[in-house]
Amino acid sequence: MNYFSLNNNAPRINFKEAVIRGLAPDRGLYFPEKITPLSSEFIDNIESYSNQEIAYKVIHPFVGDEIPEKELKKIIDETLCFDFPVVEVEDNVATLELFQGPTMAFKDVGARFMARCLGYFNSKSDKKDKEITVLVATSGDTGGAVASGFLGVKGIKVVILYPSGKVSEIQEKQLTTNGQNVSALEVNGVFDDCQEMVKTAFLDQELKNNMKLTSANSINIARWLPQMFYFFFAYKTLKKQGIDKKIVFSIPSGNFGNVCAGLMAHQLGLPIDHFVASTNINDTVPKYMEAGVYEPKPSQETISNAMDVGNPSNFIRIQKIVNNDLYKLKKTFSSYSFTDKETLKALSKIRTLSGKYIADPHGAVGYLGLKKFMKDNKDVFGVFLETAHPIKFKDTVEQQLGLTLEIPSQIEAILDKEKESALIEDYQELKSYLLNS
Ligand SMILES: *Cc1c(COP(=O)(O)O)cnc(C)c1O
């Protein structure tokens with residue numbers, strides 16, 4: 007499989023090159039040349055396949071011959087080290103829990119897959135002496151998942167940039183307490199500043215001459231594409247349960263990589279009727295769906311901070327899937343925006359209606375989007391993605407619900423560790439850090 011840049015001004019390259027590069031030299035995102043639907047025989051009998059078998063079927067065409075079958079299966083086994091439960095919270099509404107991984111956020115799947123692909127490519131490379139440096143900007147959860155996914159992977163160094171004071175305490179611990187091949191830089195600014203610095207670094211010729219630099223944001227195809235897996239897993243679970251209504255997914259969205267992976271799964275033939283990209287007041291995409299004008303703006307802080315993104319990097323891939331046809335997009339895709347106040351109310355409502363379910367603020371936004379869609383579309387079965395464990399947003403959830411959350415063992419283990427990070431102000435400081443470390 008070859009990949010081309012969505013800016014159309016860079017050479018076509020294979021999976022391996024696209025993973026190593028991250029972003030194309032013309033600053034465009036890579037996109038697969040061909041999307042071939044899976045056989046209907048496979049989709050119709052999906053319940054007879056294991057999750058590992060499904061993942062292999064889904065991803066193999068995108069990897070091509072760049073990773074041999076045996077290695078790819080091993081990578082998949084190591085990626086899928088946890089469960090993907092579908093939990094019913096009220097009639098015709100369920101949540102797909104994507105937080106059972108090591109950092110308790112859905113990004114563990116993509117991060118683990120990407121780390122192992124890069125580790126494999128590096129082990130096969132002739133220039134073993136040149137370490138790969140993974141540079142990643144995070145608004146909260148990405149950094150932790152990438153750190154955990156890459157921790158101890160040979161030949162790869164990870165540098166994480168995060169906005170100072172804008173991530174939760176647990177998130178910060180997950181970013182800054184890893185040691186080994188992982189280091190954290192605290193940026194005096196917002197997430198968009200971090201993302202901009204990372205993009206600038208990739209275009210910096212002096213850096214390029216001195217190191218092999220790649221990204222692990224969802225712009226990287228090895229992080230983005232494996233996110234298709236759990237849409238298939240959830241469909242399999244619902245099919246096993248005998249649900250025969252039309253299925254709608256609502257995805258809490260920030261950079262819109264996750265929902266874009268859902269749309270790719272749909273392109274591969276997964277019978278999902280509609281996708282709702284739910285977000286907070288950072289409403290660039292909902293506004294676009296309404297008015298047809300895409301106007302990026304600075305991000306605003308909310309209680310669902312992993313979605314505080316004013317210029318979602320993956321939206322361009324969504325537009326590509328429908329060949330920039332807004333009318334076509336509207337048939338399978340909607341996007342809604344919600345305030346923090348609505349989100350808090352939803353946390354309480356989910357708990358009351360389900361009798362016990364505790365969502366996190368991102369899941370609650372997903373729930374709101376789903377309910378809004380279902381109001382006008384009765385007789386569907388809705389699934390909202392629960393993208394993080396509520397413990398990651400402990401203060402908000404505890405205050406709203408008036409309870410104390412139990413701390414899961416993965417989190418307990420890092421709370422006492424000492425934070426290690428360096429504060430930086432601008433791109434020049436990042437550059438000298440990279441050149442001198
Ligand atoms: C990253 C993240 C999101 C947004 O995912 P995108 O793929 O960037 O749209 C939503 N919720 C949580 C908890 C996240 O960490």
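Following our numbering, the numbering of the sequence shown begins with 7 at its first residue and continues without gaps.
Ideal Cβ positions, reconstructed from N, Cα and C, are used throughout, including at glycine.
All values reported here derive from a predicted model rather than from experimental measurement.
Could you check the C-alpha separation between residue i and residue j for me, to the nearest Å?
i: residue 383; j: residue 124; result: 43 Å
i: residue 21; j: residue 100; result: 35 Å
i: residue 369; j: residue 331; result: 29 Å
i: residue 326; j: residue 424; result: 44 Å
i: residue 212; j: residue 190; result: 22 Å
i: residue 63; j: residue 73; result: 14 Å
i: residue 329; j: residue 220; result: 28 Å
i: residue 130; j: residue 365; result: 43 Å
i: residue 41; j: residue 18; result: 16 Å
i: residue 354; j: residue 23; result: 47 Å
i: residue 372; j: residue 315; result: 16 Å
i: residue 215; j: residue 164; result: 18 Å
i: residue 43; j: residue 204; result: 34 Å
i: residue 234; j: residue 276; result: 10 Å
i: residue 352; j: residue 437; result: 43 Å
i: residue 60; j: residue 435; result: 44 Å
i: residue 4; j: residue 415; result: Because the chain is modelled from 7 through 443, residue 4 falls outside the range shown and cannot be assessed.
i: residue 98; j: residue 394; result: 22 Å
i: residue 399; j: residue 249; result: 32 Å
i: residue 113; j: residue 217; result: 26 Å
i: residue 336; j: residue 50; result: 26 Å
i: residue 288; j: residue 37; result: 25 Å
i: residue 252; j: residue 171; result: 42 Å
i: residue 257; j: residue 281; result: 7 Å
i: residue 349; j: residue 374; result: 8 Å
i: residue 27; j: residue 412; result: 41 Å
i: residue 88; j: residue 104; result: 9 Å
i: residue 31; j: residue 344; result: 36 Å
i: residue 406; j: residue 312; result: 19 Å
i: residue 242; j: residue 443; result: 47 Å
What does a CB cutoff of less than 7 Å around residue i pick up in its chain, not counting 5 residues either side in sequence?
i: residue 245; result: 52, 53
i: residue 162; result: 124, 125, 128, 137, 138, 140, 156, 187
i: residue 298; result: 332
i: residue 232; result: 65, 85, 115, 116, 119
i: residue 360; result: 95, 96
i: residue 178; result: 425
i: residue 13; result: 30, 32, 33, 34
Name the one or two DSSP bridge partners that residue i has.
i: residue 191; result: 167, 428
i: residue 396; result: None, per the DSSP bridge assignment.
i: residue 94; result: 100
i: residue 37; result: 10
i: residue 19; result: 9
i: residue 391; result: 102
So, for residue i: in the same chain, excluding its five sequence neighbours on each side, which residues have a beta-carbon less than 6 Å away from its beta-carbon?
i: residue 300; result: 294
i: residue 429; result: 192
i: residue 70; result: 7, 21
i: residue 94; result: 100
i: residue 159; result: 121, 125
i: residue 266; result: 320, 323, 324
i: residue 173; result: 146
i: residue 109; result: 150, 151, 154, 180
Assuming residue i contacts residue j (C-beta within less than 8 Å), just tell me the rounded distance between them.
i: residue 183; j: residue 420; result: 5 Å
i: residue 493; j: residue 25; result: The question about residue 493 has no answer, for the chain in this structure spans 7 to 443.
i: residue 269; j: residue 339; result: 7 Å
i: residue 386; j: residue 279; result: 6 Å
i: residue 83; j: residue 58; result: 6 Å
i: residue 225; j: residue 29; result: 6 Å
i: residue 262; j: residue 318; result: 4 Å
i: residue 2; j: residue 346; result: It is not possible to answer for residue 2, since the shown part of the chain is limited to 7 through 443.
i: residue 237; j: residue 283; result: About 14 Å separates the two Cβ atoms, so there is no contact after all.
i: residue 302; j: residue 341; result: The pair is not a contact, with the Cβ atoms about 15 Å apart (cut-off 8 Å).
i: residue 119; j: residue 228; result: 6 Å
i: residue 143; j: residue 201; result: 4 Å
Using C-beta distances below 8 Å, list every residue in its chain close to residue i, excluding the 5 sequence neighbours before and after it, in chain order.
i: residue 410; result: 404
i: residue 39; result: 7, 8, 9, 10, 18
i: residue 439; result: 165, 191, 428, 430
i: residue 363; result: 93, 95, 101, 356, 357
i: residue 206; result: 433
i: residue 198; result: 304, 305, 315, 316, 317
i: residue 46; result: 275
i: residue 334; result: 328
(message) If we require 3 or more residues per run, which beta strand (DSSP E) segments fall completely within the stretch 253–295?
(response) 280–285, all fully within the stretch 253–295.
(message) For a minimum of 3 consecutive residues, which ranges assigned as the beta strand (DSSP E) are wholly contained in the stretch 100–174?
(response) The stretch 100–174 contains these whole beta strand (DSSP E) runs: 138–143, 162–169.
(request) For the stretch 323–389, list the beta strand (DSSP E) runs that are entirely contained and at least 3 residues long, ordered along the chain. (result) If we require 3 residues or more, the beta strand (DSSP E) runs fully inside the stretch 323–389 come out as 339–343.
(message) In chain order, what are the residue ranges of uninterrupted beta strand (DSSP E) at least 3 long that sit wholly in the stretch 178–247?
(response) Within the stretch 178–247, complete beta strand (DSSP E) segments of at least 3 residues are found at 188–193, 218–221, given in chain order.
(message) Ignoring anything shorter than 3 residues, give me the beta strand (DSSP E) runs that lie fully in the stretch 38–96, in order along the chain.
(response) The qualifying runs are 92–96.
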